[in-house]
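Enquirer: If you count the sequence shown from 1, position 82 lands on 82 in full-length UniProt numbering, and the numbers rise without skipping.
Where a beta carbon is used, it is the ideal one built from N, C-alpha and C, also for glycine.
This is the structure I want to talk about, given as structure tokens.
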Amino acid sequence: MRKLKLIFPMLAFLLAIGLSFAFVNATAEDYYAAGFIQMGTTWYPVDVNCEQNNQYECRVQIEGEPETYEVHSAPSETAPTLKSASPNAKVIQDPS
């Protein structure tokens with residue numbers, strides 16, 4: 001019993017240090033907001049870097065097309081649009 005009182009605090013300390021490195025490999029992909037755009041009557045998920053809580057509506061433009069699309073937080077016209085720090089549309093590949 002006496003040895004357990006010495007070993008358990010050491011194990012807890014080692015586990016705390018070991019688990020602190022569990023999420024070190026975060027990629028830029030983890031910071032992108034997942035949004036939805038409506039093309040025609042169909043909703044498509046898109047990954048776009050729209051910074052939250054800014055003044056402009058987040059918009060995307062499909063490569064090679066002149067039209068821009070608002071990025072919504074859910075696949076619904078009533079869902080709020082994501083916000084962006086820039087008034088310019090971000091160019092993405094065709095999600096369909």
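With DSSP as the reference, please indicate the residues paired to residue 47 in a beta bridge.
Expert: Looking at the DSSP assignment, residue 47 forms a beta bridge with 34.
Enquirer: Among 86, 38, 55 and 66, which one has its Cα closest to the Cα of residue 74?
Expert: The option with the nearest alpha carbon to residue 74 is 38.
Enquirer: Name the DSSP bridge partner or partners of residue 61?
Expert: Answer is 68 and 91, bridged to residue 61.
Enquirer: Is it buried or exposed for residue 36, if we count other Cβ within 10 angstroms and need 16 for buried?
Expert: That one is buried.
Enquirer: Label residue 22 either buried or exposed according to how many other C-beta atoms from any shown protein chain fall within 10 Å of its C-beta, with 16 as the threshold for buried.
Expert: The residue in question, residue 22, is exposed, as its Cβ has fewer than 16 Cβ neighbours within 10 Å.
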